[in-house]
Structures are given as structure tokens and as C-alpha cells.
């Protein structure tokens, strides 16, 4: 299959509710099973049976307490709280599958690179090369307060992220030679010491003088996912990301983001196509357009305004309770959080958004669009989104947890498979990186900037 | 079954080699499969079939680089390096089993309590209450150097551990009321905000003002395991531990440790018997005593002196390469690391240990004894160890990885079961804590000091 194939990831959060607000009240919603191991094992089998590329778990190191200056609205709507540590279910999901990849979110602001690098290397071994890291810098002030470092300003967070990634890449790519493990009983040498190298990293944020604790894994570095579309986010992605998750409201906006990311990659000396772009969206599908629209209307009727605003205030850093729900927002400036308000007020929409408009929109699928219709309508629309924007595929959120995904698999996957836009059988490349870049590409592509760290950085100790 | 039942845990390390040195060369050793997920799944099934209480994973945040001032000898013998993050395999092992518990080692010196508390709560949910935490303060200087904080002195590490645990207990026991999750669709309330409380912790090492991110799990707090037998270690255990792993060389030494720990527990206002003590040891069993002795001799012939000294130097903080292997050690002072040298030189042994004696001893099973013999001999000896010392059971290490455990299960378990010293069927208490304290005790016992934190610490926000 050629590049016609869409890359497709389920997008989820190990919590009763993710992006949608109030929809946990839908009778088919399964979010309440978020801490049931069997739920995730069955989930993994289902998306593998449907030939997804993988699942992608968001996370938040804190919680939403900007709206009304309190966490109360966030708690009442289970706005990503309670939330599990997303790393913990991966091995169970991996043991039940062979092909799907696993993207896990972890923060460069609150994790030590030395420990985090080992965690990902462990999962890369255990999954046989099916792990990816969604690199985030964490926007929530609550995370900074509870994790002891305080919330860093936006620019500082990105500088720290760049150095954090540099440390991790050094540990993954250059500390242990490919042939370091010899297991030579005769000489009584398991690891050849001359083939393991201290990374001697001494930076602004991190000092890691020593060797890594882990042997080279199938992919070495996990697949690096990022999500930022701010100038600093694009700059970091150009240097380090292999795939970027975006959530444009329109195809035109998506195309602009794709172009900006690819331009950044090219400027970093990379093949622009080697930076994959995945659009986040939600699909509401039913046998006919009318039934799908009725389903969408039901969903909209369940949206919780306060739940949506709890999320939105957290994402933007702006307490939305200060605005009249029905007065259009214009020229509202954010304080360095995500630029979601400006996205709604300035781009593409052709209307002046009110807080209530925003709540109704993001209450379904966060800041990504909802595609509503029959299987054919949805498939047409998905093809249009990738073909017109140059994006590579989708990160598929669920407004009604589990059920939306199951409906997509039942109704849309067969249509996309028939059109040659999805696999019917997995190809031979079993690692996550090969799902993005094709069989044979288990390791960072040759033009990835981190490959410059690939040679041992120092002589053997 | 009464208290006659021994508590029995497999003791392991997710690495090619754990305590034994050079024995990875034994043809039956399976340590090289340490990063194979199926290996651990099969392992979990095997010990559950044998009615173990669980498995206990050691870990090291650093590596052994004290011997000869280098990590080379440690690498050559795979002395706990490469090593996996022990958290990562747990969910796969849990998905394949229903009863066994999982003890996981994590360091209070290098983990943020806010993040670590969520990790354990996640696993407590996913395993349905089968998780335990082996609390360590991390002795390795390499860990301090690579994890950015520097290695803290012994006393400082214990003060930090006590506060770290206090933060975790507050998050586990008192941030969320038992009935915080209401999932009331009519009122559109998933979590009742008035039932979630900030912990307002402001201490010397940690500031955690906010609420926990997780709902109450089956055990709330994981079962707290500790291993220290220094005065500070005993003091911490008396206040916080539910079970302590010790590695006495003789039954008399074990009895002294048991008595000291129970005395400490009593002084902390607890029932002394509520602090369980598990002795670490290795069993080498064969159909007859002669065959077992021959097996032991084979093991001894495979011990690597450098590999044993790499570990021992790391544990004690003393570079053992400065001593003649064949001259007895006397009056060697350690610098605040584990007191292993004094244990060998001053206690019970009735001989002056040389470095080579130590290597031959610890090269099999670290600082715990090896029990060698036929199934009956071994069973007699195990009964004697618990009956004469007052200890509660064992942490069973394997000199030849996997195979020693399989041999124990084949030969010794049936004998212990016949004598009523091990379960033939699990009882109804499915959590790990109930395995220690009996069915109905899923939560911290009433006399545990952390229960004083059980009431909400502050009014609702």
C-alpha cells in the first residue's frame, strides 16, 4: 500500500472523561471503566482487529482549576480527573496484541530524563518496539504547585523540553553500542564494558554524566510525538518530533499548520514528509446521515457548559467565568497557555464565537472538529481532510467513550479499507516507527537531527 | 489456616542477573529473558499456580561503580544492569492472574511523591488491590549523579523518606472521601467536589498543597514494604512499614532483627505482630541431599569473584579491590552505606571472613543464606527459620534465575502444603494486604500510624 494509507490512532485518556463534557451521562459511555484492566485489554484487541496503527494516551500532570478559581467544576464533570498514570496499562495491552503501537504522554517539566528514558526503553523492549512518547511540557499550574518546581513560563518550558529530549536521545542512541551485550560465558562477560559509554551531559537544566541503565531496544528511541503549534512548539517539533498531533478547526487551518511544520522540518535539514501530521477529530457515524445528525444532536444536548469551560479555562489559562456566555469573544489575549481562544476568534470560522459556542463545540471533541454522517459521508470527509491538507492521518477522539470508537470500527473502517485508505492486514513492519515510515524503518530516520548523536559521544571509560 | 502459614514471595530483579554473580552462565539460567513480556506473564502464572503470596521486584536507580572505581566489573557480570523499570510489566502479569501480589521498588530520593502516589494508586486499581511498594532511599552514588540531586547522606535520606511517605499517605488516605465518586447523571455530578480535599502539605522536602488526582482504590495505600535494619531503618519501619525484608545470615541474627523491629512497632503504638518480617534466602533443592549439595557445588564453581565484589562494593560503599581476597576483614568501617561488612565480620559467623569467603557466600544469593538439601531437608529448615525466629515467611531469591524458583515449586511447595505451612487454595481475601493480615484487611490496619491521617485533613475547599 502506498502513502494513500491514512495513519489512524485512537485518542484516549485513562479517566472517566476526556475532551467531551457531560457526555459521560450517555448510557453507552464506558468511561467509568477507566480503571478496569480488562477494559483496556479488550480495547487493545478491538483496535488491532480493526487495523489501527495504535492508541495514544493523553495525560495531565495536574488538574483544571482555573475556571472560577477552583477545581470544583472540573471534579463535577470528571474533567480528566480522576486520572490514571497512562504508563501502567501498556504492558497488559501489549501482551494481548502484536501490532498496535502505544503513544504515552509524559512531561519534560516534571520527569527526570534519566528515569524517563529507562521507562520508555523498558516499554520498547516489552512491546517489541511499539512504544511512542507524546512529549508535553505541561501547562497546568496545579502540576507545578504539586510537583514542587512551580509552573515554568512557556519559553522556559520549551528550552527545558529541548534539553530533556537531548539527554534522552543520548541515552537511547549513543550510550550502549548495538553489540554491547555479548553474553560470553567463556570469558565471563555479559556486557562488554568498552561498548558502554557515559553520555557526559552537563546542561542548563540537567546533569547526567553517566551511562544508561538499559540495553538497546528494538526502536532505541521511542517514536517522538508532539502537539505544539505555537512558534516554539513548531521549532521543537522540527528538531525532534516524528509526528505532530494538531487540532485544526478547518481543513484550511490544518493545511497551514501542516505547511508550517513541514517548512520547519525542511529548515532543520529533514525531508519534510518525514514529519508526519495527525489531525485530532471526532467521528459521529450512523447508518444514514439523518441518524448521525440525530445522534450528534443527542450528544449536544448532553454537553455540560461548566464542564467544557473547566477544560477550556485550564487549556487557555483564562478563567472563562468572567465572560458572559452569550457575548462574542474578541481580542482576548491568553497568558502564554495554548492559543485556543485566538484560534476560535481569529481563524477561519467566519463567526464571532461566544463562550457558549465554544462550549458546544469543544464539549463534543475538544478543539478538534466533529465529522458527522453516514459511513460514506464520513469516509469522504476524512479523505478530503488528508488529501486537501497534506496531513497523514488522524488521532480519533471519542465523545462517548468506547462506543464512538466501536461505531467507527463497525461503520467507517470497512469503507476506508475498501478504498485502500486503511490496511486490511498489517504489513511486516511490526514497530510503531515502521507504521509511520514503512517496514525497515524501526530506528530514527537518517535525517532526524538526533541521529547526529548516534555515534558514541566519548571514548570508552 | 492459622498463622502457621508462611508468607512466601518470589524475589527478583528485571535484569539478566540479580544477586548471584556469574551464575548467568549456568545453562538453565533464564535471566537473559528479562525483557521478554511473555517470560514475566508465564512467571506470574507459575507462582500463582504454586500459591505464592506474590512477587517482589528489587530495583536500583543507579548502578555499581564503586569496585575499582568503575562500572566495568558490574557491566561484565550484568550486576543488575541492564535493568528494566520494574513498574512496567505489572499490568501484564496482573492480567494473567487473580491472586498474587506485586511488590515494586521505588525510591523516595528520586521520585516526586505526587506522581509516585498516582502510579501506585493506578496499579492498585488495575490489579484490584494487589500492589505493594518497597520503599527504598537508594544508596548508589551513580543514581544521585544522574538523577540530578546528588547522593544525600544516610540520615538525610531517611528524613526525606519519612516526609515522602507522609505526603503519599495523605494523598492515598485522606484526599478523596470513600464516597467521592457519585456519577449522578441527573445532577450532572461525577465527582462530588465537597468530598475531595487538598492535603495542604508544606514540609522540608516537599510542597503538595493540592488534591490527589485519583479516586480511592481497593487498598488505598499500597502495602508498604521496607528493608532497612539500620537504627534509622528500623525507626522508619516502625512508623510506616507493614512488612520488612531482612537478610540475616543466621537464625539467631534473624531473631534479633525480628525482635528489634517488633519492639519498634510496639513503641509506635502498634500490635508487634502487625509488622510482618520476611527473610530473604535462596533454596537449592534436589531429590536428595547429595544431589542438592552437588548442585550447590556447581553453583559455587560458577561464582564470579569480580561480579560479587562489584555488587558488594556498591552495597557497602567500600571499594573491595583495596583488600587482599584472602586476608580476613576486621574492623572495616563503612561510610554510611549498608552495614554488610560488619554483619559478616562481627555477627554469628564464628569466623573471620575474607573477601573471597564473602564472594563465595553472596555470589549465590547476596547477603541471605542458601538452604541446600532434599525437599524434606529444605522444608524442615524453612520451618525452623520461621519458628525459631518469629519471622513470618520468606523472600525467595534465585541463584539460577527462574530455574531455582521452578525447582522450589516442584519439590518444596508440595511438602510445605502437606504440612499446612502453605496454602493449597487461596482464601477469599484477594488483596495483597489481606495476604499478610487475613481476609477483610484490605486497608491499613487500625493501629498503623498513617491511619491518624485518615480523616480529612482540612475542610472542603
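Residue numbers (my numbering), protein chains in the order written: chain U, -12 to 448; chain P, -12 to 448.
Backbone N, C-alpha and C fix where the C-beta goes; we use that ideal spot for every residue, glycine too.
Quick check on residue i - is its C-beta less than 8 Å from some C-beta in chain U?
i: residue 393 of chain P; result: no
i: residue 326 of chain P; result: The pLDDT assigned to residue 326 of chain P is 44, lower than 50, so where the model puts this residue is not dependable; a value taken from the coordinates is nonetheless given after this. Not an interface residue.
i: residue 202 of chain P; result: yes
i: residue 59 of chain P; result: yes
i: residue 430 of chain P; result: no
i: residue 6 of chain P; result: no
i: residue 172 of chain P; result: yes
i: residue 445 of chain P; result: For residue 445 of chain P, the predicted structure reports a pLDDT of 32, less than 50, and the residue's modelled location is therefore unreliable. A value from the coordinates is still provided. Output row for residue 445 of chain P: interface = no.
i: residue 146 of chain P; result: no
i: residue 68 of chain P; result: yes
i: residue 440 of chain P; result: no
i: residue 436 of chain P; result: no
i: residue 449 of chain P; result: In the structure displayed, chain P extends from -12 to 448; residue 449 of chain P sits before or after that span and is not available.
i: residue 113 of chain P; result: yes
Quick check: is the beta carbon of residue i nearer than 8 Å to any beta carbon in chain P?
i: residue 159 of chain U; result: no
i: residue 106 of chain U; result: yes
i: residue 302 of chain U; result: no
i: residue 71 of chain U; result: yes
i: residue -1 of chain U; result: no
i: residue 92 of chain U; result: no
i: residue 3 of chain U; result: yes
i: residue 43 of chain U; result: no
i: residue 75 of chain U; result: yes
i: residue 81 of chain U; result: yes
Among the candidates the options, whose CA atom is the shortest distance from the CA of residue i?
i: residue 215 of chain U; options: U:271, U:342, U:149; result: U:149
i: residue 119 of chain U; options: U:232, U:388, U:344; result: U:232
i: residue 293 of chain U; options: U:40, U:60, U:5, U:48; result: U:60
i: residue 158 of chain U; options: U:349, U:188, U:171; result: U:188
i: residue 354 of chain U; options: U:218, U:69, U:241; result: U:241
i: residue 192 of chain U; options: U:162, U:168, U:225, U:98; result: U:98
i: residue 263 of chain U; options: U:24, U:178, U:425; result: U:425
i: residue 172 of chain P; options: U:288, U:135, U:223; result: U:288
i: residue 235 of chain P; options: P:356, P:348, P:370; result: P:356
i: residue 100 of chain U; options: P:207, P:88, P:130, P:273; result: P:130
i: residue 90 of chain P; options: P:8, P:125, P:-5; result: P:-5
i: residue 420 of chain P; options: P:194, P:186, P:88; result: P:88
i: residue 379 of chain P; options: P:229, P:295, P:341, P:301; result: P:229
i: residue 283 of chain P; options: P:360, P:217, P:220; result: P:360
i: residue 226 of chain U; options: U:37, U:271, U:153; result: U:153
How would you call residue i, buried or exposed, if buried means at least 16 neighbouring beta carbons within 10 angstroms?
i: residue 285 of chain U; result: exposed
i: residue 317 of chain P; result: exposed
i: residue 15 of chain P; result: exposed
i: residue -1 of chain U; result: buried
i: residue 440 of chain P; result: buried
i: residue 169 of chain U; result: exposed
i: residue 394 of chain P; result: buried
i: residue 179 of chain P; result: buried
i: residue 251 of chain P; result: buried
i: residue 434 of chain P; result: exposed
i: residue 311 of chain U; result: exposed
Please check the pair residue i and residue j, which I expect to be a contact at CB under 8 Å, by giving their CB distance rounded to whole angstroms.
i: residue 314 of chain U; j: residue 362 of chain U; result: Residue 314 of chain U to residue 362 of chain U, Cβ: 39 Å. No contact.
i: residue 76 of chain P; j: residue 27 of chain P; result: 5 Å
i: residue 86 of chain P; j: residue 35 of chain P; result: 6 Å
i: residue 437 of chain U; j: residue 156 of chain U; result: 4 Å
i: residue 4 of chain P; j: residue 350 of chain P; result: No, residue 4 of chain P and residue 350 of chain P are not in contact; Cβ-Cβ is about 11 Å, not under 8 Å.
i: residue 376 of chain P; j: residue 238 of chain P; result: 5 Å
i: residue 386 of chain P; j: residue 352 of chain P; result: 6 Å
Can you list the residues of chain P that residue i reaches, using a CB-CB cut of under 8 Å?
i: residue 155 of chain U; result: Simply none; closest approach about 12 Å.
i: residue 129 of chain U; result: 197
i: residue 121 of chain U; result: Simply none; closest approach about 16 Å.
i: residue 12 of chain U; result: 172, 175
i: residue 50 of chain U; result: 197, 198, 200
Using the beta-carbon of each residue, which ones in chain U are nearer than 8 Å to residue i?
i: residue 99 of chain P; result: 97, 134, 135
By the criterion of Cβ-Cβ separation under 7 Å, what are the contact partners of residue i in chain U?
i: residue 194 of chain P; result: 135
Which residues in chain U sit within 9 Å of residue i, going by Cβ to Cβ distance?
i: residue 489 of chain P; result: Nothing about residue 489 of chain P can be read from this structure; chain P reaches only from -12 to 448.
Contact list for the region 21 to 47 of chain U against chain C, Cβ threshold 9 Å: Absent from the structure is chain C; the protein chains it does hold are U and P.
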